[in-house]
Amino acid sequence: MTPHPANPHEIDARPLLEQMLLIRAYEEAIVAGSDAGTIPGTCTSVGQEAAAVGVVNALGADDLILTNHRSAGHLLARGADPGRLLAEVMGRRDGYCKGRSGSLHISVKELGVVLTSTIVGAELSMAPGVALSQGMLGRPGIVACFFGDGAACEGSFHESLNLAALWNLPILYVCENNHWQAFVHRREAMSREHVSEWASSYGIPAHTVDGNDVAAVLAAARVAAEQVRASRRPYLLETWTYRTRGHFEPDDQSYVDPAERAAWLARDPIARCRDRLLADGALNPSQAAAIGDRVATRIHAARAFAEASSYPAADELTRDVYA
Amino acid sequence: MPTLTLYDAIGAALTEEMRRDRHVIAFGEGIATKRHDLVAEFGALRVRNTPLAEGIIAGTAVGAAASGLRPVVDLLFAPFLCYAMDELVNSAGKLRYMSGGQFAFPLVTLAMTGAGWGVGAQHNHNVEAWFVHSPGLKVVMPSSPADAKGLLKAAIRDDNPVLFFIDIGLLYQPGDGPVADEVVPLGKAAIAREGSDVTLVSYGKTVHHCRQAAEALAAEGISAEVIDLRSLKPWDAATVLASVEKTGRLVVVHEANRLCGVGAEIAAVVAEEAFACLKAPIVRLGGPDAPVASSYPLEQAFVPQPEAIVAAARRLCRRQIA
Ligand SMILES: Cc1ncc(C[n+]2csc(CCOP(=O)(O)OP(=O)(O)O)c2C)c(N)n1
Ligand SMILES: [Mg+2]
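Chain order of the listed sequences is Y and R.
Heads up: the first sequence at position 245 corresponds to 313 in this note's numbering, and the numbers run straight through without jumps.
Heads up: the second sequence at position 304 corresponds to 1591 in this note's numbering, and the numbers run straight through without jumps.
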């Protein structure tokens, strides 16, 4: 087996670009639907595509993922069907959770995306138990737990890291530090600049990576995941990124410093990736256009699928409460 | 008949279930210290002490339960459950439903509560109704060592999260030893004493107060039936309704605050389903809307005592005769 390159310059970013474009197009379809009143608004991951794609592509099929309210990037990068995701967002029966979740807590067990919660920090509280099962039942996979900078301010973050360090749990903690915790800037909420600084006090190795550089994220996540796999101990990777749209659709972002946002828009992860590929000659303009067409076709089909899916029947109201 | 305390019964249930199923694990604040026999038999990986962090203890149980283990966690005293509410209520109770049935949460949470040790309101608070009110959770509270053992075995085998409340006042009182490997099904009440004039429904230590009341009432010629609910969710409405259809009178008794307590639900269901059988109004006896004091007489005054139960039952029976 050829080892996966951990050097960003050796990574073929073309498939990553396509995944990022798919996520962006999916989120934009939701924004358009939200504006038109046809799709419920969501917490989009626009601007954070590289952070999701880079990490998820470093994981193996046996690895498990816990995520949160801002999950479209993780789910799509993991191979979720955008049609079933959109059906879930729209409360339709063909959604991954039979329309009972909506956008905020989508789990897809068959893809290893388990126990999604919209309670900020709940993914952190459940990750140790999932990792404990992996170890005690002799399963090979590690557990990747995605959470925000806001979640890092919850007690569950600190309790989770302490326990994972103490019990040697194979968890890759992934903090997507997007600078916002709903309507509060991280500067107003965190005693430190970086969440990775907090990890070191639990004896957990940590690293902050440019979360808007997909190759850099993938390379750093490979190193991190390999370390968790080899040591069966936790690691914290912080992806330094930015939520360029609002907390939830619609959100006029009147509270956002325009200069800060403009600076991050200039570092858009998709434009950076595409421009680099074009400049390197790894992608030509017609190939780039073909990727765009494939993505547009998939999202178009996803919308059609979700719209054609019916709402759950009334007798679903009390099904699956108890096992 | 061997005797056993409720504390021993819990240990016996854990031992039998951990022997039966290697997926059963136990962890909590000091469980490995207090139950070293479990550590000796099952090893330090299956029986673990934890940090003092109820949220992560419960959350870890939730994550482990959803991924193949069957954790039993000891959160010590019921008021400490407040630190674990998100994990129990929002995660364990809801994520099965919200995920369209993708996950199950076979986990048991142990918590002690009730009068007896004078520990005050931050160690003694009968919060069982909170969890009855939360979807996706089951709730039990045994009144005897035999039931504690049988219910814990059933709770461990159940695929749903179960809150297992332990009445502090009963913890070290010896009782009849349970039959080996007997499972008490969840949702099934026990008729602790048969009677024909009035039904006394209770759970936990007040079952014993009801039994004492029934003795006293018998001396007055009033025949009281005592029902021990054992499970609060699901609760055995059929057994309660059948009894009320026979007696026509109902007194519901529990130590927890009467206001929106489990007894309110029982009274409401009986009023809805068996109104025509009632010969007198339903009476609920429960604690006041106050934190429990640690001072012994006040702590006792919080709990419906046998005399109050006798008086209530007598009133109901006289009312009919008059
Ligand atoms: C316990 C809890 N508190 C508050 C909220 C409301 N809320 C939802 S998302 C969010 C911000 C979370 O910030 P962060 O963890 O940084 O994630 P991000 O939204 O930036 O991806 C808040 C406050 C919640 N869902 N749960
Ligand atoms: Mg954030």
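Backbone N, C-alpha and C define an ideal beta-carbon position, used for all residues, glycine too.
Being a predicted model, the structure only gives us computed values, none of them experimental.
Judged by DSSP secondary structure, Thr-1400/R falls within the beta strand (DSSP E) whose first and last residues are 1395-1400. Separation of Glu-178/Y and Leu-200/Y (C-alpha to C-alpha, rounded to the nearest whole angstrom) is 20 Å. DSSP links Trp-308/Y through a beta bridge to Asn-245/Y, Asp-278/Y.
Between Gly-1423/R and Asp-1373/R, the C-beta spacing is not below 8 Å. By the rule that beta-carbons nearer than 8 Å mark a contact, Phe-1367/R does not touch chain Y. Non-local C-beta neighbours of Ala-1558/R in its own chain, meaning closer than 7 Å and more than five positions away in sequence, comprise Ile-1569, ordered along the chain. Residue state for Val-121/Y is assigned as helix, using DSSP reduced to three classes. For Ile-367/Y, the enclosing alpha helix (DSSP H) begins and ends at 353-376. Take Ala-1595/R, set aside five residues on each side of it, and the residues of its chain with a beta-carbon closer than 7 Å to its own are Leu-1572, in chain order. With 16 or more other Cβ atoms from the protein chains shown falling within 10 Å of its own Cβ, Pro-196/Y counts as buried. Between Thr-1526/R and Ala-1476/R, the beta carbon gap of about 4 Å places them in contact (Cβ cut-off 8 Å).
Taken through DSSP and simplified to helix, strand or coil, Ile-1509/R comes out as coil. Taking a cut-off of 6 Å from the heavy atoms of ligand 2, the residues with a C-beta inside it are Gly-216/Y, Asp-217/Y, Gly-218/Y, Asn-246/Y, Trp-248/Y, Gln-249/Y. A direct Cα-to-Cα measurement between Leu-346/Y and Ala-364/Y gives close to 20 Å.
DSSP places Val-1538/R in the strand class (E or B) of the three-state scheme. Setting aside the 5 residues that flank it on each side, Leu-1339/R is surrounded in the same chain by Glu-1316, each with a C-beta closer than 8 Å to its C-beta; the list follows chain order. Residue pairing from DSSP leaves Pro-83/Y without any beta-bridge partner. Three or more beta-carbon pairs separated by less than 8 Å link the segment 175-189 of chain Y to the segment 124-140 of chain Y, which places the two stretches in contact. In the DSSP annotation of this structure, Pro-337/Y is not part of any beta strand (DSSP E); the continuous alpha helix (DSSP H) holding it starts and ends at 337-348. Assignment of His-1495/R by DSSP, reduced to helix, strand and coil, places it in the helix class. Segment contact: the segment 204-213 of chain Y against the segment 232-242 of chain Y, three or more CB-CB distances shorter than 8 Å; contact assigned. For the C-beta of Met-194/Y, the chain R residues within less than 8 Å are, from N- to C-terminus, Gly-1346, Thr-1347, Val-1349, Gly-1350, Ala-1353, Glu-1374, Ser-1378. Listed in chain order, the positions of the segment 1378-1392 of chain R with a beta carbon within less than 7 Å of a beta carbon of chain Y are Ser-1378, Leu-1382, Arg-1383, Tyr-1384, Met-1385, Ser-1386, Gly-1387, Gly-1388, Gln-1389, Phe-1390, Ala-1391.
Put simply, the backbone Cα of Pro-1465/R is about 19 Å away from that of Leu-1325/R.
Within chain R, not a single residue places a beta-carbon under 9 Å from that of Asn-236/Y; the smallest gap is close to 11 Å. A distance of 8 Å or more separates the beta carbons of Met-158/Y and Ile-91/Y.
Only residues of its own chain outside the window of five on either side were considered, and among them Glu-95, Arg-313 have a CB closer than 6 Å to the CB of Thr-112/Y, listed in chain order. Within the segment 1523-1596 of chain R, the runs of alpha helix (DSSP H) that reach at least 4 residues and sit entirely inside it are, in chain order, 1524-1534, 1549-1560, 1583-1589.
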